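Residue numbers (the numbering used here): 1 to 316.
Cβ atoms here follow ideal geometry from the backbone N, Cα and C, with glycine treated the same way.
All values reported here derive from a predicted model rather than from experimental measurement.
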């Protein structure tokens, strides 16, 4: 198995530039008030948010060298086979440490230029993620980005590419491989499985969502990320909403509130159900039945084989 890490090049408080205890004090009152107003509108208790926000003041510790090194070592000790890093080129110390332990490093990229930098830095695998993908994403579609990256890296090194972003079927995987990818990197398709960490409320919303019911927004982490459209995301996209703060400050604003929303929605709170959201890609519109993870993989295989045979028939 592999592990996915977030080790960005830049965020507020990186490598001791700000005392974690001071981070919460950097959040403007305007953002605190807006958050509370949204919860109050949907009759969700907003008391205690200040204290919970302070609890997030050490958020990002595992993104710094000391914390990330500790996480990497735990993975090495447990036989992890792959590390994937998001939000920038992995630091040299991380690449060196993984190489020393014979563990390849994959990097998530959303632009051709980013892919070139990653290959030049020495990553082993590129996860080329189009804007359709859930979570942090760029603005270029998977259909364009995969062949663009494949062509751009050839003069440097032919690093394996895993296509990502909106891929929820075996047919899409076959199409991605026809464009130069060695495989597919999928996430959203597993968010509705029985093993997924997503709540039952969110799973049901995803199963009934169409491809246009996601939104790419900075309102959750301070960086653009695609998530399920809900009354929470609508509120932050409204004209009276404050501009999202840089990472990790926006996370400190949003996560305590979203935790309250999830807890309330789990027990049937109707207002919380309207606000509930989670990271997910546009491919969720192709997912309309609840399966196990194993059934999902089997379905992928069958769809891939059908698509492969269909493509081969065109050559006859």
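For residue j and residue i, the rounded distance between their alpha carbons
i, j, result
"residue 279", "residue 220", "9 Å"
"residue 308", "residue 144", "21 Å"
"residue 87", "residue 136", "8 Å"
"residue 209", "residue 229", "9 Å"
"residue 155", "residue 89", "19 Å"
"residue 112", "residue 148", "7 Å"
"residue 157", "residue 115", "11 Å"
"residue 187", "residue 297", "12 Å"
"residue 174", "residue 203", "26 Å"
"residue 169", "residue 124", "25 Å"
"residue 138", "residue 91", "21 Å"
"residue 319", "residue 117", "What is shown of the chain runs 1 to 316, which leaves residue 319 out entirely."
"residue 225", "residue 263", "22 Å"
"residue 281", "residue 78", "31 Å"
"residue 184", "residue 311", "18 Å"
"residue 301", "residue 182", "15 Å"
"residue 65", "residue 6", "12 Å"
"residue 317", "residue 205", "Within the shown structure, residues of the chain are numbered from 1 to 316, placing residue 317 beyond reach of any answer."
"residue 237", "residue 140", "21 Å"
Beta-carbon proximity of residue i to residue j, cut-off 8 Å
i, j, result
"residue 84", "residue 2", "yes"
"residue 38", "residue 235", "yes"
"residue 105", "residue 153", "no"
"residue 163", "residue 142", "yes"
"residue 80", "residue 107", "no"
"residue 167", "residue 150", "no"
"residue 165", "residue 133", "yes"
"residue 284", "residue 214", "yes"
"residue 244", "residue 49", "no"
"residue 317", "residue 239", "Any property of residue 317 remains undetermined from this structure, which presents the chain solely from 1 to 316."
"residue 253", "residue 31", "yes"
"residue 27", "residue 258", "no"
"residue 159", "residue 276", "no"
"residue 233", "residue 211", "no"
"residue 265", "residue 199", "yes"
"residue 316", "residue 171", "no"
Residue i in three-state terms, based on DSSP
i, result
"residue 140", "coil"
"residue 101", "coil"
"residue 4", "strand"
"residue 294", "helix"
"residue 181", "coil"
"residue 308", "helix"
"residue 276", "coil"
"residue 87", "coil"
is_contact[residue i, chain B] using C-beta, thresh 8 Å
i, result
"residue 97", "Looking at the structure shown, chain B is missing, and only one protein chain is on hand."
Next item on the list: Run through the segment 186 to 271 for me and flag every whole beta strand (DSSP E) of 3 or more residues, listed as ranges in chain order.
Entry: 214 to 217, 225 to 228
Next item on the list: Tell me, please, whether the segment 177 to 195 touches the segment 285 to 296 by the rule of three or more beta-carbon pairs shorter than 8 Å.
Entry: yes
Check: Is the segment 266 to 281 close to the segment 32 to 47, with three or more CB pairs under 8 Å?
Finding: yes
Next item on the list: Give, in chain order, every unbroken run of the alpha helix (DSSP H) that is at least 4 residues long and sits entirely within the segment 108 to 165.
Entry: 112 to 121, 142 to 153
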